[in-house]
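Inspection log for the structure reproduced underneath, given as structure tokens.
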Ligand code: GDP
Ligand code: CA
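Residue numbers (my numbering): 60 to 387.
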């Protein structure tokens, strides 16, 4: 069976680990979000691709969910001693090596997709990991300057766009987001293999990744949404919202920016029946099932907390079962 999964960072990576365990013989292609990518210290950092690669390759910091296990921060401390930041973005020594290799290959002219494949030669994630695009796409978030005490805020304040990582990591999504813009997406092309994988898939899965800044960004690459909608195969998603709140992180803040409530139902309706055929909600949200069904998306309530690999594997198995039900 050929499975295509659209993935952000933690939610995508943990789900994928479960999927590999639930469907060991499946041929899995992951289309990873690159809208979170950022250039730091002259290096290209791809947080979501790396979270998937490290999680599936056994190098992830488990408690944190991102970054390397057994990490140290000597380089960061030395940079800080030079007064060179940002200090709010935690790059460890081991992680730095990944970004150095990636940046070196990219300055030699290799596209991100080739570089990602080369990095995966080491990590052997057991899936084919493709960036959504080889082109530069950067998610920006529009905020009020007055909210961050920006001295440039004029009379009545103004708005400015900040890089997604600045909004998420530095500001911890503590101020309202007015818009989320995947800058460059409209000009981007799907990376080699992306549309082919979708066209050849037997099933497409949306893990419980962020619907706006992870999956939404991948769907903003021209051609990807259409390819999924037209593939004629079941498309099944799992809600990242459980009991009207994100399981981890601040997804509610970016959902608000696109006018979507932080509920399992609203997220399903946001994707819509033109894209989604099936949607798993957590058992605490079982009451939402009839309304989602009415919206033309087959829904089922099952436990959706990825407390360990076995729990994630059960979720993946449920998603594949729902896919077969909608196919029938
Ligand atoms: P990021 O790029 O690291 O933010 O990761 P993703 O976009 O892949 O996933 C983030 C989303 O995963 C958040 O909105 C969380 O609510 C969701 N999430 C994290 N852990 C779980 C879990 O155990 N169960 C469910 N249902 N969602 C989860
Ligand atoms: Ca991310």
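Note that CB positions come from ideal geometry on N, CA and C, so glycine has one too.
It should be emphasised that the depicted structure is a prediction, and the values quoted were computed from it without experimental measurement.
Query	Result
Using DSSP bridges, identify the partner residues of residue 189.	90
Look up residue 300 in the DSSP assignment and say whether it is helix, strand or coil.	strand
By DSSP, does residue 367 sit in helix, in strand, or in coil?	coil
Can you say whether residue 246 is buried or exposed, counting buried as having 16 or more other CB atoms within 10 angstroms of its CB?	exposed
Can you grab the Cα-Cα spacing for the pair residue 241 / residue 196, in whole Å?	6 Å
Please enumerate, following chain order, all residues with a beta carbon closer than 7 Å to at least one heavy atom belonging to ligand 2.	67, 68, 92, 95, 106, 107, 269, 272, 273
Could you compute how far the alpha carbon of residue 318 sits from the alpha carbon of residue 167?	42 Å
Can you tell me which of the three DSSP states residue 476 falls into?	No answer is possible for residue 476: the residues shown for the chain start at 60 and end at 387.
Rounding to the nearest angstrom, what Cα-Cα distance links residue 185 and residue 102 in this structure?	26 Å
Is DSSP giving residue 356 helix, strand or coil here?	coil
By alpha-carbon positions, which one of 89, 322, 180, 381 ends up nearest to residue 292?	381
Indicate the three-state DSSP secondary structure (helix, strand or coil) for residue 245 in the structure shown.	helix
To the nearest angstrom, how far is the alpha carbon of residue 84 from that of residue 261?	14 Å
Does any heavy atom of ligand 1 sit closer than 7 Å to the C-beta of residue 298?	yes
Between 71, 128, 98, 312, which has its C-alpha nearest residue 91's C-alpha?	71
Classify residue 126 as helix, strand or coil using the three-state DSSP reduction.	coil
Three-state secondary structure (DSSP) at residue 106?	helix
What's the gap between the Cα of residue 119 and the Cα of residue 309?	21 Å
Residues bridged to residue 265 by DSSP?	296
Say yes only if the C-beta of residue 220 is nearer than 7 Å to one or more non-hydrogen atoms of ligand 1, and no if none qualify.	no
Drop a sphere of 10 angstroms on the beta-carbon of residue 183, count the other beta-carbons inside from all chains shown, and report buried for 16 or more, exposed for fewer.	exposed
Grouping DSSP H, G and I as helix and E and B as strand, with all else coil, what is residue 196?	coil
Hey, quick one: how far does the alpha helix (DSSP H) through residue 272 stretch, first residue to last?	Looking at the DSSP string, residue 272 is not in any alpha helix (DSSP H), and its letter there is neither H nor E.
Please determine, among 303, 320, 243, 295, the residue with the shortest C-alpha to C-alpha distance to residue 280.	243
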